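Chains as they are written, first to last, in this note's numbering: chain R, 1 to 144; chain G, 1001 to 1144.
A virtual CB, placed ideally from N, CA and C, is assigned to each residue, including glycine.
In this text, all values refer to a predicted model and were calculated from it rather than measured experimentally.
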DNA sequence: TAGCCGAATTAGACACAGTCCAAGTCTTGC
DNA sequence: GCAAGACTTGGACTGTGTCTAATTCGGCTA
Ligand SMILES: [Mn+2]
Ligand SMILES: [Mn+2]
Ligand SMILES: [Zn+2]
Ligand SMILES: [Zn+2]
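Here it is, written out as C-alpha cells:
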C-alpha cells in the first residue's frame, strides 16, 4: 500500500501508513508525515523543520533528520539530489523525474509514464540498475 | 576550441586553452587545469586540492574553490551533482550522462550520442532548457 | 494506578563542504 | 623600477547534516 501526496490526511490515515511501512508512529513522526504529505512539494530538511514547528509544538532538528532518514530507509519518501547545498525530500515515491529551475530552485515533477530512454549502454556483469534519474535544468528565457 | 581530457598536456597547451576561454593563466590555475585534464576522472574539490599540492607547491583551499568556480563560469569544466555531501567536477564538457555506483561512489561517463529521450512534456511559455542530466544509479548485485 | 524498560527525543557539540574577508603578493603596463 | 589592478592566502565564518549522552515518553505488566 502506497501513500500519495494529498491534502488533508487524517491522523488515523497517517498512522496506518506509517505502521504499514514498519514505522512506529510517534507524535513527531506523524507531524512530519503530515507536513510532507499534505503539501505536495519537495521540501528541504530545514523547510520541514520550520513548517513542523510552525503548526505545532517543538520538534528538534535531530528528530527531523532522524525521521527523514527513517522514512527514506522504509521507502516512504525519496530524496532528490539536485542542489549542491541541500537535499530535497519527495513524498512521491512513484518513478518520476524532475524539472529543476536553476534560478528559483523550484522542483517540478515529470510523470515517467510517457518517458522513454533508449540507447543506454549494457551494464557490466554483476551490476544492477537501482534507478534512473532524469533532471531537466530549466530557466526563464529573459534571464540570459 | 574545446579541451578534451587527455594525459600529458604541455604547459603551453594548457595556457592556450585557458586564454581561449578568457581565463588569465596563473600558476595555480595552470596546475589545477593540469590535474583536472590529465586525469580523465570526476574529482571533488578536496581530492583536487590534495592532488595539486601533491605534485607541487602550496595552493590554498580558497584558490581551488575560486578556480573551480571560474572554470565552471567560463565553461571549461562542468559539475556533477549526485552525492549529497560534495560536488564532482568533470573535465568533459561534451553533452554526456553518468553511471553512479551508490556503493563505491564511482562516476562513469555515458556517451550521449546513442541516447534518445522521448516523451518529455512541453515547457511552459518563456522557459528554456539549460540541459538534461541522466543519472543511472547502479550497484553490485550481491550487495542486496 | 504505579513502576518498569526499551524506544524515541533532545540540546548541543561536532564534522566538513564551501564562502568570505582583509591583508599580502604577484603581474603587467608604463 | 613603480603604481595599479589582479590574484592568492589563512583563517574566520556559514550552513547542512551527524553524533552523543542525558532525558522523556509510552506501552506493558502487576
Ligand atoms: Mn559550488
Ligand atoms: Mn543525508
Ligand atoms: Zn518529485
Ligand atoms: Zn562525466
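Beta carbon of residue i: closer than 7 Å to some heavy atom of ligand 4?
i, result
"residue 1080/G", "yes"
"residue 1109/G", "yes"
"residue 1148/G", "Outside the modelled stretch of chain G, which goes from 1001 to 1144, sits residue 1148/G, for which no answer is possible."
Tell me whether the beta-carbon of residue i lies closer than 8 Å to the beta-carbon of residue j.
i, j, result
"residue 23/R", "residue 70/R", "yes"
"residue 1035/G", "residue 1017/G", "no"
"residue 1065/G", "residue 1079/G", "no"
"residue 1127/G", "residue 138/R", "yes"
"residue 136/R", "residue 1107/G", "no"
"residue 97/R", "residue 115/R", "yes"
"residue 44/R", "residue 87/R", "yes"
"residue 74/R", "residue 93/R", "no"
"residue 72/R", "residue 61/R", "no"
Listing by chain order, which chain G residues have their CB less than 9 Å from the CB of residue i?
i, result
"residue 46/R", "Near residue 46/R there are no residues of chain G at all, since even the closest Cβ is about 14 Å away, more than 9 Å."
Name the residue from the options whose alpha carbon lies nearest to the alpha carbon of residue i.
i, options, result
"residue 1010/G", "1033/G, 1090/G and 1028/G", "1033/G"
"residue 1102/G", "1117/G, 1112/G, 1083/G and 1114/G", "1083/G"
"residue 117/R", "50/R, 124/R, 133/R and 28/R", "133/R"
"residue 1068/G", "1100/G, 1095/G, 1057/G and 1030/G", "1030/G"
"residue 124/R", "1060/G, 1140/G, 1123/G and 1054/G", "1140/G"
"residue 1040/G", "1105/G, 1061/G, 1091/G and 1130/G", "1091/G"
"residue 37/R", "58/R, 15/R and 81/R", "15/R"
"residue 63/R", "131/R, 20/R, 28/R and 85/R", "28/R"
"residue 112/R", "25/R, 105/R, 131/R and 104/R", "131/R"
"residue 1059/G", "1008/G, 1026/G and 1081/G", "1026/G"
"residue 129/R", "1100/G, 1105/G and 1129/G", "1100/G"
"residue 81/R", "104/R, 42/R, 8/R and 46/R", "42/R"
"residue 1085/G", "1019/G, 1046/G and 1122/G", "1046/G"
Counting only Cβ pairs nearer than 8 Å, list the residues of chain G close to residue i.
i, result
"residue 139/R", "1127, 1128 and 1130"
"residue 81/R", "1081, 1082, 1083 and 1084"
"residue 72/R", "None at all; the shortest Cβ gap to chain G is about 11 Å."
"residue 110/R", "1120 and 1121"
Report the neighbours of residue i on chain R: residues whose CB is nearer than 8 Å to its CB, in chain order.
i, result
"residue 1091/G", "None at all; the shortest Cβ gap to chain R is about 18 Å."
"residue 1077/G", "Simply none; closest approach about 14 Å."
Starting from residue i, find everything on chain R with Cβ-Cβ shorter than 9 Å and list it in chain order.
i, result
"residue 1118/G", "114, 115, 116, 117 and 118"
"residue 1064/G", "Going along chain R, no residue has its Cβ under 9 Å from residue 1064/G, so there is no contact; the nearest lies around 15 Å."
Below 7 Å on C-beta distance, what does residue i contact in chain G?
i, result
"residue 136/R", "1120, 1129 and 1132"
"residue 95/R", "By Cβ distance, chain G contributes nothing, its closest Cβ being about 12 Å from residue 95/R, past 7 Å."
"residue 102/R", "1130"
"residue 87/R", "1084"
Return yes when the C-beta of residue i is under 7 Å from any heavy atom of ligand 3, and no when it is not.
i, result
"residue 1096/G", "no"
"residue 42/R", "yes"
Exercise. List in chain order: all unbroken beta strand (DSSP E) runs of 3+ residues lying wholly within the region 1073-1125 of chain G.
Key: 1078-1083, 1086-1090, 1096-1101, 1107-1111 and 1116-1118
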